[in-house]
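The sequence shown begins at 0 in numbering that gives the first Met the number 0 and counts up by one. No residue lacks a Cβ here, since even glycine has one placed at the ideal position from N, Cα and C.
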Amino acid sequence: MPERHRSLLRIDTEPEPLRAVRSALVGREDKLAQLDEVVTRAIDFQAPQLVTVVGNQGTGKTRLINELITRLAANPDRARLRVFHGAAERDREGKPIPLSAIKSLLRDRFEL
Numbered sequence: 000m001p002e003r004h005r006s007l008l009r010i011d012t013e014p015e016p017l018r019a020v021r022s023a024l025v026g027r028e029d030k031l032a033q034l035d036e037v038v039t040r041a042i043d044f045q046a047p048q049l050v051t052v053v054g055n056q057g058t059g060k061t062r063l064i065n066e067l068i069t070r071l072a073a074n075p076d077r078a079r080l081r082v083f084h085g086a087a088e089r090d091r092e093g094k095p096i097p098l099s100a101i102k103s104l105l106r107d108r109f110e111l
């Protein structure tokens, strides 16, 4: 390839990271209310609560939890809560890895 073409293809700087566009959470207020009840129980009883959010890929599980965390962080009475996250993983063949969600949760909890 001629030198002049190579210089056109060269990138001298790192590209800027893409910014995520956060859309409004639509039709999930009932689920957020349920999660808020769990948070209230955790506060009232001063005991950890476990929530499992399940669903097909792309149904908004992560978006739902991120919305909850955003709302908790915006509330001064709840901003100091600790939320731990675990996610199921799959192997190279696409098969679920047994107990991977629990392992992920423990890694998050104990910063492993």
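For R89, the secondary structure class from DSSP, reduced to helix, strand or coil, is strand. Rounded to the nearest angstrom, the Cβ distance from L80 to L34 is 12 Å, too far for a contact under 8 Å.
With respect to the C-alpha of R89, the residue from F83, V82 and S99 having the closest C-alpha is S99.
Taking C-alpha positions only, P75 is separated from T69 by approximately 12 Å. Scanning the stretch 13–99 for uninterrupted alpha helix (DSSP H) segments of 4 residues or longer gives 28–44 and 60–73, listed from N- to C-terminal end. With contacts defined as CB atoms closer than 8 Å, H84 and L105 fail to qualify as a contacting pair.
Closest by C-alpha distance to D43, out of P95, R77, I101 and A86, is R77.
At the C-beta level, L63 and V38 stay beyond 8 Å of one another.
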